[in-house]
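Chemist: Residue numbers (numbering that gives the first Met the number 0): 0 to 342.
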Amino acid sequence: MSNSQPEGGRASSPDVDGDMSRAIAEAARLITGAGKLALACHVSPDGDALGSMLALHHLALANGKPSLASWPEPFVVAPHYQFLPGLDLVTKPADFPPDPEVMVTFDCGSVGRLGELGPIAERSRWVGRLVVLDHHASNECYGSVNCVDPAAAATAVVVRRLATELGWPLNREAAMCLYTGLVTDTGRFQYHNTTPAVFALAEELSTFDLPICDMSRQLFEEHRFAYLKLVAVCLERAELDVDLRFVATWVTDEDFQRFDVSIEETEGLIDLVRRAAEAEVSCVLKESPEGIRVSLRAVEETDVGAIATRFGGGGHRFAAGFTSAGTVAEVLAQIRGALATGG
Ligand code: 5GP
Ligand code: MN
0 MSNSQPEGGR
10 ASSPDVDGDM
20 SRAIAEAARL
30 ITGAGKLALA
40 CHVSPDGDAL
50 GSMLALHHLA
60 LANGKPSLAS
70 WPEPFVVAPH
80 YQFLPGLDLV
90 TKPADFPPDP
100 EVMVTFDCGS
110 VGRLGELGPI
120 AERSRWVGRL
130 VVLDHHASNE
140 CYGSVNCVDP
150 AAAATAVVVR
160 RLATELGWPL
170 NREAAMCLYT
180 GLVTDTGRFQ
190 YHNTTPAVFA
200 LAEELSTFDL
210 PICDMSRQLF
220 EEHRFAYLKL
230 VAVCLERAEL
240 DVDLRFVATW
250 VTDEDFQRFD
260 VSIEETEGLI
270 DLVRRAAEAE
280 VSCVLKESPE
290 GIRVSLRAVE
300 ETDVGAIATR
310 FGGGGHRFAA
320 GFTSAGTVAE
330 VLAQIRGALA
340 TGG
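#1: Nearest-angstrom Cα distance between VAL15 and ALA24?
#2: Kindly indicate which three-state DSSP category ALA22 falls into: helix, strand or coil?
#3: Residues near ligand 1, CB to any non-hydrogen atom under 5 Å, in chain order?
#4: Measure from the alpha carbon of TYR178 to the alpha carbon of each residue in PRO168, VAL197, ALA162, TYR190, then state which is nearest.
#5: Cβ of THR154 within 7 Å of any heavy atom in ligand 2?
#6: Hey, could you find the ends of the beta strand (DSSP E) LYS228 is sitting in?
#7: Anyone know if the C-beta pair for CYS107 and CYS176 falls short of 8 Å?
#8: Exposed or buried, which one is MET19 when buried takes at least 16 other CB atoms within 10 Å?
#9: Between the beta-carbon of PRO78 and the beta-carbon of GLU264, is there less than 8 Å?
#10: On the three-state DSSP scale, how would you describe VAL158?
#11: Which class does CYS40 belong to by DSSP, given the choice of helix, strand or coil?
#12: Is it buried or exposed, PRO195, if we count other Cβ atoms within 10 angstroms and call 16 or more buried?
#13: What ranges does the alpha helix (DSSP H) occupy inside the region 54-129, keeping only unbroken runs of at least 4 residues that lie completely in it?
#14: Per DSSP, what are the beta-bridge partners of ASN145 in this structure?
#15: Using a Cβ-Cβ cutoff of less than 6 Å, which residues in the same chain neighbour ASN170 once the five nearest sequence positions on both sides are dropped?
#16: State the Cα-Cα distance for the pair ALA231 and VAL260, rounded to the nearest angstrom.
#17: Measure the beta-carbon distance from ALA54 to ALA155 and round it to whole angstroms, keeping in mind my assumption that it falls under 8 Å.
#18: So does ASP106 have its beta carbon nearer than 7 Å to some heavy atom of ligand 2?
#19: Restricting to runs no shorter than 4 residues, where is the alpha helix (DSSP H) found entirely within the region 261-317?
#20: Identify which residue in LEU49, GLY50, MET102 has its Cα closest to the Cα of PRO65.
#21: For a quick check, are the C-beta atoms of PRO44 and GLU172 less than 8 Å apart?
#22: When the Cα atoms are used, what is the spatial distance from THR301 to ARG316?
#23: Which of the three DSSP states is assigned to SER215 in this structure?
#24: In chain order, what residues of the same chain have a beta carbon less than 8 Å from the beta carbon of GLY325, not counting five sequence neighbours either side?
#25: Comparing alpha-carbon positions, which option in ALA151, PRO210, ARG273 lies nearest CYS233?
#26: Going by the C-beta, is ASP184 closer than 7 Å to any heavy atom of ligand 2?
#27: Can you grab the Cα-Cα spacing for the pair LEU38 / ALA48, in whole Å?
#28: Hey, would you say THR248 sits closer than 8 Å to VAL283, going by beta carbons?
#29: For the beta strand (DSSP E) holding THR179, just list the boundary residues, first then last.
#30: Is it true that the CB of ILE30 sits closer than 8 Å to the CB of VAL147?
#31: Taking 7 Å as the cut-off, is the CB of HIS56 close to at least one heavy atom of ligand 4?
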């Protein structure tokens, strides 16, 4: 990969494009033939996971195709995504059909990221009815049809392409959702995955009279005052290892309780930490009921996707994560060890 953006990535080859065209056509055929769709995105959904899933949900419903959309527990949405149209039309994972006619997953690199919906995805694959829409190079291609394009800046780009193939015209709700995926996964059109194709899609979406200013503030700017106080504590305790060019901080259970801030609310903390000019790799560790949740970012040289994969997670070359057992100190020591031995 020659670029250095947190999301997305690789230059595509003609073969990849051909494979994608075939996969998109096959996905459209499956979806067209289905009486009902069951959509799912990855656990702890981000803007691209929610945005790309809700966009297809809106388009299916607008085109007379019954559809439901869900994600695994904890079935919550970060406050900065709560403006997304369609969140009133989602289904609890407990109510997800055990044998969907056609299941579609979004932005999800592996079955494990689907939590309790994973076994349903596996059954759907067995009967040839699992469509995977994604842009992670590390995607395990666990679907019966895999529309995985690492050159796409966001899964939203893949969904836009599929909608064209389906003959489903965009509407304003879907455009808002797709724009959210595009603007979050390109870091507000700042990462190196911000290609001419990204601007072309943004231009198309903006013709739907999107509330760009309001969306930007919701997505990137506005936080409760309590969050700012938590950030102050986390930045104060941040550690910089000049030799390793590594900066890290962490959020404890006690911090979450003391400031009454949810883990979902802290998604953007890594974007503050990774500003440190001295660091090539940045890291935020968060105590959660599932273990220590780790976010990693790299500026240009280190493949943090490979490091995260080694710890049982995944992601992109410049933005990745994993969840691990142990304490913050133990997991941090393991990450330092991985960096010290060359990543
Ligand atoms: P974040 O640090 O924002 O949670 O995640 C950064 C990137 O890594 C995203 O593309 C996200 O989907 C991916 N990622 C985060 N945690 C995991 C994980 O546990 N497993 C996998 N496969 N990918 C992850
Ligand atoms: Mn994405």
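Note that the Cβ used here is the ideal one computed from N, Cα and C, for glycine as well.
Modeler: Straight from the coordinates:
#1: By 1-based counting over the sequence shown, the position of residue 15 is 16. By 1-based counting over the sequence shown, the position of residue 24 is 25. Spanning the two alpha carbons is a distance of roughly 14 Å.
#2: Numbered from 1 along the sequence shown, position 23 holds the residue referred to as residue 22. Helix, per DSSP.
#3: Here the list is GLY108, SER294, GLY312, GLY313, GLY314, ALA318, ALA319, GLY320, PHE321.
#4: Within the sequence shown, residue 178 is the residue found at index 179, counting from 1. Of the candidates PRO168, VAL197, ALA162, TYR190, the one whose C-alpha sits nearest the C-alpha of TYR178 is VAL197.
#5: Numbered from 1 along the sequence shown, position 155 holds the residue referred to as residue 154. Flag set: Cβ of THR154 near ligand 2.
#6: Counting from 1 along the sequence shown, the entry for residue 228 is found at position 229. First-last for LYS228: 224-236, but that is the alpha helix (DSSP H), not the beta strand (DSSP E).
#7: As a working note, residue 107 is residue 108 in the sequence shown. As a working note, residue 176 is residue 177 in the sequence shown. Not in contact: CYS107 and CYS176 (Cβ atoms no closer than 8 Å).
#8: Counting from one through the sequence shown, the residue named residue 19 turns up at place 20. MET19 is buried by the Cβ-count criterion.
#9: Looking up residue 78 in the sequence shown gives position 79. Looking up residue 264 in the sequence shown gives position 265. Contact: yes.
#10: Reading the sequence shown from its first residue, position 159 is the one you call residue 158. In this structure, VAL158 counts as helix in the three-state DSSP scheme.
#11: The sequence position of residue 40 within the sequence shown is 41, counting from 1. Secondary structure at CYS40: strand, using DSSP grouped into helix, strand and coil.
#12: The residue labelled residue 195 in the question sits at position 196 within the sequence shown. Under a 10 Å Cβ-count criterion, PRO195 is classified as exposed, with fewer than 16 other Cβ atoms of the shown protein chains found around its own Cβ.
#13: Taken in chain order, the unbroken stretches of alpha helix (DSSP H) that lie wholly in the region 54-129 and span 4 residues or more are 117-125.
#14: On the sequence shown, residue 145 is found 146 positions in, with the first residue counted as 1. According to DSSP, which records beta bridges pairwise, ASN145 is partnered with VAL131.
#15: The residue labelled residue 170 in the question sits at position 171 within the sequence shown. Apart from the 5 residues on each side of it in sequence, ASN170 sits with its Cβ closer than 6 Å to the Cβ of ALA61 in its chain, given in chain order.
#16: As a working mapping, residue 231 is identified with position 232 in the sequence shown. As a working mapping, residue 260 is identified with position 261 in the sequence shown. Taking C-alpha positions only, ALA231 is separated from VAL260 by approximately 13 Å.
#17: Here residue 54 refers to the residue found at position 55 when the sequence shown is read from its first residue. Here residue 155 refers to the residue found at position 156 when the sequence shown is read from its first residue. Correct: roughly 7 Å between the Cβ atoms.
#18: For the purposes of this step, residue 106 is taken as residue 107 along the sequence shown, with counting starting at 1. Placement of the Cβ of ASP106 at a distance of less than 7 Å from at least one heavy atom of ligand 2 is found.
#19: DSSP runs (the alpha helix (DSSP H)) wholly in the region 261-317: 268-272, 303-309.
#20: Position 66 of the sequence shown, counted from the first residue, corresponds to residue 65. For PRO65, the closest alpha carbon among the candidates LEU49, GLY50, MET102 is that of MET102.
#21: Taking the sequence shown and counting its residues from 1, one reaches residue 44 at position 45. Taking the sequence shown and counting its residues from 1, one reaches residue 172 at position 173. PRO44 places its beta carbon 8 Å or farther from that of GLU172.
#22: Position 302 of the sequence shown, counting from 1, holds the residue named residue 301. Position 317 of the sequence shown, counting from 1, holds the residue named residue 316. For the pair THR301 and ARG316, the Cα-to-Cα distance works out to about 8 Å.
#23: In the sequence shown, the residue the question calls residue 215 occupies position 216. In the structure shown, SER215 sits in a helix (DSSP, three-state: H, G or I).
#24: Here the question's residue 325 lines up with position 326 in the sequence shown. Taken in chain order, the residues that qualify are GLY290, ILE291, GLN333.
#25: Reading the sequence shown from its first residue, position 234 is the one you call residue 233. Here the closest residue by C-alpha is ARG273.
#26: Numbered from 1 along the sequence shown, position 185 holds the residue referred to as residue 184. At least one heavy atom of ligand 2 is nearer than 7 Å to the Cβ of ASP184, so yes.
#27: For the purposes of this step, residue 38 is taken as the residue at position 39 of the sequence shown. For the purposes of this step, residue 48 is taken as the residue at position 49 of the sequence shown. If I take the Cα positions, the gap works out to 11 Å.
#28: On the sequence shown, position 249 is the one that residue 248 refers to. On the sequence shown, position 284 is the one that residue 283 refers to. Between THR248 and VAL283, the gap from beta carbon to beta carbon is short of 8 Å.
#29: Working through the sequence shown from its first residue, we reach residue 179 at position 180. THR179 -> not in any beta strand (DSSP E); alpha helix (DSSP H) instead, spanning 171-184.
#30: Along the sequence shown, one-based indexing puts residue 147 at 148. Along the sequence shown, one-based indexing puts residue 30 at 31. Annotated as distal: VAL147 and ILE30, with beta-carbon spacing of 8 Å or more.
#31: Ligand 4 is not among the ligands present in this structure, which contains only ligand 1 and ligand 2.
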